[in-house]
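In this text, residue positions in the sequence shown follow UniProt numbering: the first is 1, and each later residue adds one.
A virtual CB, placed ideally from N, CA and C, is assigned to each residue, including glycine.
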Amino acid sequence: MGTDARTMHFPCITNKTYVYLWTHGQFQQEQVEWDDVNKLLQHHGFKPVFFADPVENRNLTDLVLLDKKSVNELRMTLRMMLMDSERRQALIQELVKSNNKLKEEVQKHMSHAAQQSQRATELQGLLDEVKSRVQHLEERCLGKAVQQHSLTQQLQKESKEAKRRYLLLEKKVVSLEEETAQLRKKLYLTVKEEEQRLTRQSRLQESKHLDQATKRTSASVSPSFKTILKTHQDQQKESNSHIQELEEEVERLKSELDTRCRSDLTGNTMEQSQTSRQRVQYHHLLTEINTLVINPRLQQYQRWPRESEEAEFQAVLPTLEQWSQQLHMLRDLHSRLNKLSATLMPLQPCDVDAKTLKVEDMMLLVEALLENASSDDKQTLRSPTRYTLASMVAHFQKLFDVPSLSGVYPRMNEVYTRLGEMTNTMKNLQNVLDLDSKASPTEVVDQVSRLVSLDPGLGRADIDSIIIKVKQHDEFFPAFHNLVTEILKILGVSHLDDILPALQSLKQAAQ
Numbered sequence: 001m002g003t004d005a006r007t008m009h010f011p012c013i014t015n016k017t018y019v020y021l022w023t024h025g026q027f028q029q030e031q032v033e034w035d036d037v038n039k040l041l042q043h044h045g046f047k048p049v050f051f052a053d054p055v056e057n058r059n060l061t062d063l064v065l066l067d068k069k070s071v072n073e074l075r076m077t078l079r080m081m082l083m084d085s086e087r088r089q090a091l092i093q094e095l096v097k098s099n100n101k102l103k104e105e106v107q108k109h110m111s112h113a114a115q116q117s118q119r120a121t122e123l124q125g126l127l128d129e130v131k132s133r134v135q136h137l138e139e140r141c142l143g144k145a146v147q148q149h150s151l152t153q154q155l156q157k158e159s160k161e162a163k164r165r166y167l168l169l170e171k172k173v174v175s176l177e178e179e180t181a182q183l184r185k186k187l188y189l190t191v192k193e194e195e196q197r198l199t200r201q202s203r204l205q206e207s208k209h210l211d212q213a214t215k216r217t218s219a220s221v222s223p224s225f226k227t228i229l230k231t232h233q234d235q236q237k238e239s240n241s242h243i244q245e246l247e248e249e250v251e252r253l254k255s256e257l258d259t260r261c262r263s264d265l266t267g268n269t270m271e272q273s274q275t276s277r278q279r280v281q282y283h284h285l286l287t288e289i290n291t292l293v294i295n296p297r298l299q300q301y302q303r304w305p306r307e308s309e310e311a312e313f314q315a316v317l318p319t320l321e322q323w324s325q326q327l328h329m330l331r332d333l334h335s336r337l338n339k340l341s342a343t344l345m346p347l348q349p350c351d352v353d354a355k356t357l358k359v360e361d362m363m364l365l366v367e368a369l370l371e372n373a374s375s376d377d378k379q380t381l382r383s384p385t386r387y388t389l390a391s392m393v394a395h396f397q398k399l400f401d402v403p404s405l406s407g408v409y410p411r412m413n414e415v416y417t418r419l420g421e422m423t424n425t426m427k428n429l430q431n432v433l434d435l436d437s438k439a440s441p442t443e444v445v446d447q448v449s450r451l452v453s454l455d456p457g458l459g460r461a462d463i464d465s466i467i468i469k470v471k472q473h474d475e476f477f478p479a480f481h482n483l484v485t486e487i488l489k490i491l492g493v494s495h496l497d498d499i500l501p502a503l504q505s506l507k508q509a510a511q
């Protein structure tokens, strides 16, 4: 098969026949050197290289003669190709195993993600239902609080008005008592004067009788007595005029007293009627408050007073006290909402004035917080709460099969390392198969299956080795290309189709 210094050839002039001599030791040495290569070829499913025996092969046209250098290069090339194919086959098998593992992990992650998404959907529905219920309860509580606040303000106004009227009535009573005392004093004085008048009148009658007696005896009375009688008569006239004035004043006082008594009586009756109306109004108001506390739906129906309503009104007081406590707690709620808004929305100013506390402001603040939370949810897919983070950490501990939190990070690094190796392997396969860098793993697998299906005659016993050989065709081709190029130069032809005719002509020429 090869030639060395001991090989001899004797040209024949007539038919240009060449004779080559090859010793048995050389044949055994070449056969030993080719045994390793033949084992590798048989291991990979190829036929071994046979050495032709000149005695058994009479037809020289079926033989190919190569020099020792070409044989060594061919043997080294085959050995390198087969060893490289084994290495690449092992690498591809490892990649296929890693790919299968990653597919299984991806399927597990996808199933778990689907379960988590379904659970998140259920929890979101439950959360929406709870929010709707809480909103309904808040609306009811706010409505009740507004009604209670309005009723409380109305009651406070009415109580203030009642106190003001009570004070006015007290002042009127005091003034009336003072006037009655003055009138009693005047009446006492008038009675006393009347008694004095009666005494004076009796005295005047007596004086009249004396005058008549004096008239009878006037003839016999001296002039001095006449002057005395004249003065007495003048005094009597003055006293009569004074008595008439006093009688007129008494009549005037009596008439004034009668008119004042009547006006006082009418005023008292008016005040009594007004107080009775106020009592009816207060009773109606308390009845409405009682119906509101017991059952707000019965507020539209009118209730008539009963004997047991006083006990019912007493039962209203604890409810009103509880509502008052709730109103006081609204201020705490308002302050906490302001703190929460300052934490969540630090750039937005908040009103912390407790004197102007309104439920509408609190509702607007809650709506602003909800809008801020919804915008944050759209931007960051719902900011996770502490419970969500804890459940995520527990999930990763269970997924990575680690007992503590410290073991999660190494396992995550391992996963990312495997993922990086898989990505690099996929890029190498894409480069080997001349695919785009954006090609998916499905396209890579399709390309490999397409290459495998190109040569069905090779058999399917060792599919991985065939895939490796097809993939490495571009690397194997240059060595064979150099060999064929040398053969073309030796034969003096330019096309592959001309090699066989040239060899046949050489064979015929050798014969």
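Query                                                                                                                                                                          : Result
Would a C-beta distance cut-off of 8 Å place Thr190 and Leu253 closer than the cut-off?                                                                                        : yes
Count the other C-beta atoms from every protein chain shown that fall within 10 angstroms of the C-beta of Ser449, then say buried if there are 16 or more, exposed otherwise. : exposed
Hey, quick one: how far does the alpha helix (DSSP H) through Leu503 stretch, first residue to last?                                                                           : 499-510
Does DSSP classify Phe480 as helix, strand or coil?                                                                                                                            : helix
So Phe51 and Phe27 are in contact, right, with Cβ under 8 Å, and what is the actual spacing, rounded?                                                                          : 7 Å
Hey, could you find the ends of the alpha helix (DSSP H) His395 is sitting in?                                                                                                 : 386-400
Go to Val49, then tell me how far its alpha helix (DSSP H) extends in each direction, as first and last residue.                                                               : It is not in any alpha helix (DSSP H) - Val49 carries neither H nor E in the DSSP assignment.
Need the endpoints of the alpha helix (DSSP H) that Pro410 sits in, please.                                                                                                    : 408-432
If we ignore side chains and look at the alpha-carbon of each, how far apart do Ser404 and Glu73 end up?                                                                       : 60 Å
Would Ser440 and Lys427 qualify as a contact pair, given that the criterion is a beta-carbon distance under 8 Å?                                                               : no
For Tyr301, does the count of other Cβ atoms within 10 angstroms reach 16, so buried, or fall short, so exposed?                                                               : Confidence in Tyr301 is poor, its pLDDT being 41 and thus under 50, which makes the residue's placement too unreliable to answer from.
With burial defined as no fewer than 16 other Cβ atoms inside 10 Å of the residue's Cβ, what is the status of Gln148: buried or exposed?                                       : buried
Taking only the alpha-carbon atoms, compute the straight-line gap between Asp35 and Gln397 and give it to the nearest angstrom.                                                : 55 Å
Identify which residue in Gln325, His43, Glu105, Val96 has its Cα closest to the Cα of Leu78.                                                                                  : His43
On a CA-only basis, which of Asn100, Gly492, Leu496 is nearest Phe480? Give me that one, please.                                                                               : Leu496
Does DSSP classify Gln438 as helix, strand or coil?                                                                                                                            : Reading off the sequence shown, one finds Lys at residue 438, where the question assumed Gln. Coil.
Report yes if the C-beta distance between Val49 and Val32 is below 8 Å; otherwise report no.                                                                                   : no
Check the C-beta distance from Leu364 over to Ser341 and give it rounded, since I have them as a contact under 8 Å.                                                            : Wrong, their Cβ atoms sit about 11 Å apart, outside the cutoff.
Roughly how many angstroms lie between the CA atoms of His112 and Thr152, to the nearest whole one?                                                                            : 57 Å
Can you give the Cα-Cα distance for Val484 and Glu475, rounded to whole angstroms?                                                                                             : 15 Å
How about Val402 and Val408: are their beta carbons less than 8 Å apart?                                                                                                       : yes
With DSSP as the reference, label Val106 as helix, strand or coil.                                                                                                             : helix
Taking one C-beta from the region 326-334 and one from the region 131-150 each time, how about it: are there three or more such pairs within less than 8 Å?                    : yes
When you compare only the Cα positions, how much space is there between Leu176 and Leu169?                                                                                     : 10 Å
Considering only residues of the same chain and omitting the five flanking positions on each side of Leu503, which have a CB-CB separation below 7 Å?                          : none
Nearest CA to the CA of Glu256: which residue from Gln116, Pro318, Lys186?                                                                                                     : Lys186
Please report the straight-line C-alpha distance between Leu491 and Asp498, rounded to a whole angstrom.                                                                       : 9 Å
Here's the rule: buried if 16 or more other CB atoms are within 10 angstroms of the residue's CB, otherwise exposed. What is Met81?                                            : buried
Taking the straight line between their C-alpha atoms, what separation do you get for Gln118 and Ser391?                                                                        : 15 Å
From this set, Thr425, Val415, Met362, which residue's C-alpha is nearest Leu142's C-alpha?                                                                                    : Met362
Using the beta-carbon count (16 or more within 10 Å), is Arg197 buried or exposed?                                                                                             : buried
Can you tell me which of Gln447, Gln201, Thr417 puts its alpha carbon nearest to the alpha carbon of Asn431?                                                                   : Gln447
Per DSSP, what kind of secondary structure is Gln31 in: helix, strand or coil?                                                                                                 : helix
Verify whether the separation of the beta carbon atoms of Met422 and Leu127 is less than 8 Å.                                                                                  : no
What would DSSP say about Asp446, mapped onto helix, strand or coil?                                                                                                           : helix
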